[in-house]
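>
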């Protein structure tokens with residue numbers, strides 16, 4: 007064979023080998039692409055608006071809903087990376103009990119196949135929502151009749167019928183979100199909002215720390231604790247780039263209470279995001295941060311507090327606007343770029359029992375009329391007696 011024929015033969019073999027390698031790589035890439043996990047996300051809502059006449063939660067005495075402002079909801083999202091599914095559930099509610107969470111997790115696992123431990127359920131701590139708390143049926147079954155009467159007749163009590171509705175709607179919302187899963191790009195980020203939340207505990211000149219000592223109180227020295235200004239945001243977009251829904255996390259009491267039954271400032275946050283995105287039905291799942299001592303009340307302000315409706319708009323509007331700003335800047339990633347995992351830890355905290363001398367004084371006070379003792383003094387005494395009986 008002549009040298010030029012050998013050269014042509016070698017080149018042909020090299021070209022064929024290159025084509026075979028390229029084909030193999032392309033095939034492997036296609037196989038990898040076909041087997042790579044696809045991120046899917048689904049959102050859903052269910053209504054849990056209480057009826058007029060039901061107890062309003064969050065206070066230390068009986069209070070009843072007499073008007074309607076906006077609906078209360080269960081807001082759910084299910085994330086699926088092809089390996090596991092995770093459900094986040096935000097509820098327009100004062101709180102959720104451990105018992106309720108266990109019951110609902112088991113029902114979700116049975117209905118939708120999502121592991122119970124992969125379901126996070128959080129309440130917004132809305133003081134204008136449905137009748138959950140402050141006392142639960144059965145809390146004082148072993149207490150003296152007088153103490154049971156204090157709980158039943160002088161405190162807000164969970165409504166068993168409403169609790170059943172709540173459980174059913176949580177399960178339904180997660181099932182609907184699970185069924186609504188669609189291929190999605192997910193993004194997460196953090197904004198900053200430090201103008202609407204304040205620590206309610208303040209250091210006083212007498213060496214104590216007081217909750218809400220009152221604006222303009224000359225004995226206030228400084229705030230006794232921090233706030234968390236971080237606005238956590240998770241967004242999900244479909245294949246066409248349309249926003250499927252948003253998850254927002256922020257730490258502030260839901261106590262702006264605009265008047266009547268309401269999701270509180272979370273409603274205004276939702277309206278802000280819906281207005282900014284142009285989607286009047288945008289699902290917004292809210293999960294509250296550590297807001298035990300964080301409210302919208304600034305005890306160091308020199309100005310009068312806004313009216314409830316305006317206050318609701320201020321807090322919700324600013325948190326919603328910050329969430330939207332964050333959505334605009336965060337990078338939308340695929341499932342392999344944003345790993346999905348679940349971590350859980352149960353935090354057991356011992357209840358601090360009141361001192362026996364304090365309980366004795368409280369028992370003496372609650373035997374008298376609140377008109378004689380004073381409403382505030384009587385209420386604190388009642389709460390001391392109830393705490394001691396748990």
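In our numbering, the protein residues as written are 7 to 396. Just so it is clear, CB atoms sit at the ideal spot from N, CA and C, and this is done for glycine as well.
Check residue 223 in the structure and name its three-state DSSP category.
If DSSP states are grouped into helix, strand and coil, residue 223 belongs with coil.
> Only counting runs of 4 or more residues, tell me where the alpha helix (DSSP H) segments fall wholly within the stretch 299–341, in order along the chain.
Taking only runs of at least 4 residues, the alpha helix (DSSP H) segments lying wholly in the stretch 299–341 are 314–335.
> Is the CB-CB distance between residue 114 and residue 180 below 8 angstroms?
Result yes, Cβ atoms of residue 114 and residue 180 sit closer than 8 angstroms.
> Can you give me the C-alpha to C-alpha distance between residue 137 and residue 166, rounded to a whole angstrom?
Cα to Cα, the separation comes out at about 9 angstroms.
> To the nearest angstrom, how far is the alpha carbon of residue 278 from that of residue 237?
Each residue's Cα considered, the two are about 15 angstroms apart.
> If you reduce the DSSP assignment to three classes, tell me which class residue 192 lands in.
The answer is strand: DSSP assigns residue 192 an E or B state.
> Going straight from the alpha carbon of residue 202 to that of residue 72, what length do you get?
Cα to Cα, the separation comes out at about 28 angstroms.
> Could you compute how far the alpha carbon of residue 383 sits from the alpha carbon of residue 112?
Cα to Cα, the separation comes out at about 43 angstroms.
> Using three-state DSSP, classify residue 275 as helix, strand or coil.
Reduced to three states, the DSSP call for residue 275 is helix.
> Hey, could you find the ends of the alpha helix (DSSP H) residue 387 is sitting in?
Segment 381–395, the alpha helix (DSSP H) holding residue 387.
> Could you tell me which of 178, 124, 47 sits nearest to residue 188, measuring between CA atoms?
The residue with the shortest Cα to Cα distance from residue 188 is 47.
> For residue 50, name the three-state secondary structure that DSSP assigns.
Strand at residue 50.
> Closer than 8 angstroms by C-beta to residue 338: which residues in its own chain qualify, once you throw out the five before and the five after it? Chain order, please.
For residue 338, where only same-chain residues beyond five positions count, the Cβ hits under 8 angstroms are 191, 192, 193, 241, 243.
> Enumerate in chain order the residues of its own chain whose CB-to-CB distance from residue 97 is below 6 angstroms, with the five nearest sequence positions on each side excluded.
Answer for residue 97: 80, 129, listed in chain order.
> Could you spell out the range, first to last residue, of the alpha helix (DSSP H) harbouring residue 168?
Here the alpha helix (DSSP H) through residue 168 covers 166–185.
> Taking residue 299 as the reference, which of 326, 281, 261, 307 has the closest Cα?
Selected option, being the one with the closest Cα: 261.
> Starting from residue 363, trace the alpha helix (DSSP H) in both directions and tell me its first and last residue.
That run of the alpha helix (DSSP H) goes 362–372.
> For residue 164, which residues of its own chain have a beta-carbon under 8 angstroms away from its beta-carbon, when the five flanking residues on both sides are left out?
For residue 164, where only same-chain residues beyond five positions count, the Cβ hits under 8 angstroms are 137, 138, 139, 141, 142, 143.
> Rounded to whole angstroms, what is the Cα-Cα separation between residue 184 and residue 53?
About 17 angstroms.
> Assign residue 198 to buried or exposed, taking buried as 16 or more other Cβ atoms, counted over all protein chains shown, within 10 Å of its Cβ.
So residue 198 counts as exposed.
> Report buried or exposed for residue 296, applying the criterion of at least 16 other Cβ atoms within 10 angstroms of its Cβ.
Burial call: exposed.
> Taking 8 angstroms as the threshold (C-beta atoms), are residue 160 and residue 374 in contact?
No, the pair does not count as a contact, with Cβ atoms beyond the cut-off.
> Would you check if there are 3 or more beta carbon pairs closer than 8 angstroms linking the stretch 349–358 to the stretch 252–260?
No contact exists between the stretch 349–358 and the stretch 252–260.
> Where does residue 69 sit, in a helix, a strand or coil, going by DSSP?
Looking at residue 69 - three-state DSSP - the assignment turns out to be coil, as it is neither helix nor strand.
> Going by the DSSP bridge assignment, what does residue 255 pair with across the sheet?
Residue 255 is bridged to 238, 293.
> Taking three-plus beta-carbon pairs below 8 angstroms as touching, is the stretch 271–287 in contact with the stretch 220–232?
Result no; under three Cβ-Cβ pairs closer than 8 angstroms.
> Just curious, the alpha helix (DSSP H) that residue 155 is in, first and last residue?
151–160 is the span of the alpha helix (DSSP H), which, as asked, contains residue 155.
> What is the DSSP secondary structure of residue 233, counted as helix, strand or coil?
Looking at residue 233 - three-state DSSP - the assignment turns out to be coil, as it is neither helix nor strand.
> Among the residues of its own chain, which have a CB less than 6 angstroms from the CB of residue 6, if the five just before and after it don't count?
For residue 6 there is no data in the structure shown, the boundaries of the chain being 7 and 396.
> Name the DSSP beta bridge partners of residue 93, please?
Answer is 84, 125.
> Please name the residue or residues paired with residue 215 in a DSSP beta bridge.
Partner(s): 209.
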